[in-house]
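As structure tokens, the structure follows; a few thoughts come after it.
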Ligand SMILES: Nc1ncnc2c1ncn2[C@@H]1O[C@H](COP(=O)(O)OP(=O)(O)OP(=O)(O)O)[C@@H](O)[C@H]1O
Ligand SMILES: Nc1ncnc2c1ncn2[C@@H]1O[C@H](COP(=O)(O)OP(=O)(O)OP(=O)(O)O)[C@@H](O)[C@H]1O
Ligand SMILES: [Mg+2]
Ligand SMILES: [Mg+2]
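Protein chains in written order, with this note's numbering: chain F, 1 to 222; chain U, 1001 to 1222.
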């Protein structure tokens, strides 16, 4: 469903050239469960942002369901970002003035759901990540791991079929982390496609396919 | 050197009462190496913020070198925060408009060092965490793990004798994480006092003393 062909992401800082991604190719199939590992700075988040249509490559081709992303209009791209893909950011990116419940509701505002249904979905997503008693808290009134779990709940609220999670358990104790991973397993069994960036071996081995990045290149894909 | 006696931190949200810390007592001695673990939301960051003089308890007593923190004036508190304690935040808290080098220099601006010496110290701190080639990058031009390492370098720039690190390896691959922990070991051998919040067992067992929090209380201290 996703074809990434010879993609590079190159930054220029002064006369310094940084190749965040260097000629990367990967094909992602429906119901894949992929873990992505690699050293700090090796390009994992950059690759995730491109897959999630949140960033554009400097070179190379990205096809989503066999259509070129570069030829899509704004509403097609918005549809992919808001309804087909759920993204858990490495730095959470919650809106500071909204409560947990409101933050989780944000992606649902574009959906055809009515207000009551939206609230129920958002409450259910927060219940799944164990935060029913934190629905009225704003991000500054939450712990690091609680913010991470709100970010996870928000990514799942729209029931997307592709879930991209960038280090989703990095701020969680092992028990909360295992609960989240068990839930990811259920999503996978339900037919969804999961790509998880992690630096924890215990998380990576739960995936069916393992990818490793090094210096902006894919060095392992098995 | 630090005495925390019956400390509570209580928040009121509407008619909801949240006890982030509930009657916590702990004594910290010179050259201690303490790891703090506990579930997400159990009060670890809250305790660290109080120890680091970045937050005030709702009840209880905090003595630093046998003096009451509540009786200190602004310049005494600033001296503790900027020169005696180095704090690595769970969410990094880098200044977005400054480069890595400038971010690391910030705590040195209050010290008696001249400009050349400040630059050398900041460059050395970045070299230790493996970021010599990222000195001119701003936080938005860095990966998550690189930002975490800049936060670590900044905490160490003033050579504080007390280092408080809130989940310092949460965004690092195992190799970078081990390098940071080896460096923490060296700081400990050099006589410094370290308190590290972590949810990784491999990090916690490197400490000489282990503390565990649950629901705002200390349940283990050995
Ligand atoms: N301003 C606030 N208002 C209300 N509750 C708060 C506020 N700040 C923190 N809390 C609550 O205090 C509790 C402890 O927070 P703390 O950040 O210390 O947890 P933590 O142990 O560091 O968790 P994590 O491992 O997830 O980082 C959490 O349950 C959080 O929701
Ligand atoms: N705007 C930018 N300008 C210059 N370099 C950048 C920019 N954004 C990212 N980089 C560089 O691109 C590289 C890859 O970054 P990326 O965030 O993808 O790494 P990562 O694998 O996710 O790392 P981590 O595990 O630390 O999160 C890094 O070396 C980073 O410094
Ligand atoms: Mg990253
Ligand atoms: Mg915390």
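Using N, Cα and C, we set each Cβ at its ideal position, and we do this for glycine too.
In this text, all values refer to a predicted model and were calculated from it rather than measured experimentally.
Query	Result
Any beta carbon of chain U sitting closer than 7 Å to that of residue 47 of chain F?	no
Between residue 1092 of chain U and residue 1194 of chain U, is the Cβ-Cβ spacing less than 7 Å?	no
I want to verify the contact list: residues of chain F whose CB lies under 8 Å from the CB of residue 1137 of chain U, in sequence order.	13
Would residue 1064 of chain U and residue 1155 of chain U qualify as a contact pair, given that the criterion is a beta-carbon distance under 7 Å?	no
Does the count of Cβ pairs from the stretch 171 to 187 of chain F and the stretch 1116 to 1123 of chain U closer than 8 Å reach three?	no
Can you tell me the Cα-Cα spacing of residue 21 of chain F and residue 43 of chain F, whole angstroms?	6 Å
Using a Cβ-Cβ distance under 7 Å, would residue 1185 of chain U count as near chain F?	no
List, in chain order, every chain U residue whose beta-carbon is nearer than 8 Å to that of residue 158 of chain F.	Within chain U, no residue comes near residue 158 of chain F; the closest Cβ sits about 24 Å away, beyond 8 Å.
Could you pull the start and end residues of the beta strand (DSSP E) that residue 1213 of chain U belongs to?	1209 to 1214
For residue 5 of chain F, which residues in the same chain have their Cβ closer than 7 Å to its Cβ, ignoring the five residues on either side in sequence?	25, 60 and 61
Just to confirm the assignment, what range does the beta strand (DSSP E) spanning residue 1163 of chain U have?	1162 to 1166
Nearest by alpha-carbon distance to residue 1167 of chain U: which of U/1040, U/1013 and U/1018 is it?	U/1040
For the alpha helix (DSSP H) that residue 152 of chain F lies in, which residues bound it at each end?	144 to 156
Within 6 Å: the Cβ of residue 155 of chain F and any heavy atom of ligand 2?	no
Pull out every residue of the stretch 17 to 45 of chain F whose Cβ sits closer than 9 Å to any Cβ of chain U, in chain order.	18, 20, 37, 38, 39, 40, 41, 42, 43, 44 and 45
Taking the CB atoms as reference points, tell me whether residue 145 of chain F and residue 1170 of chain U lie closer together than 7 Å.	no
By DSSP's criteria, residue 1182 of chain U is part of a beta bridge. Which residues make up the other side?	BP columns for residue 1182 of chain U are empty, so no partner.
When you compare each of F/9, F/35 and F/212 to residue 165 of chain F by their alpha carbons, which one comes out closest?	F/35
For residue 3 of chain F, which residues in the same chain have their Cβ closer than 6 Å to its Cβ, ignoring the five residues on either side in sequence?	27 and 63
Beta strand (DSSP E) containing residue 203 of chain F: first to last residue?	Counting along the chain, residue 203 of chain F falls outside any beta strand (DSSP E), though it belongs to the alpha helix (DSSP H) covering 201 to 204.
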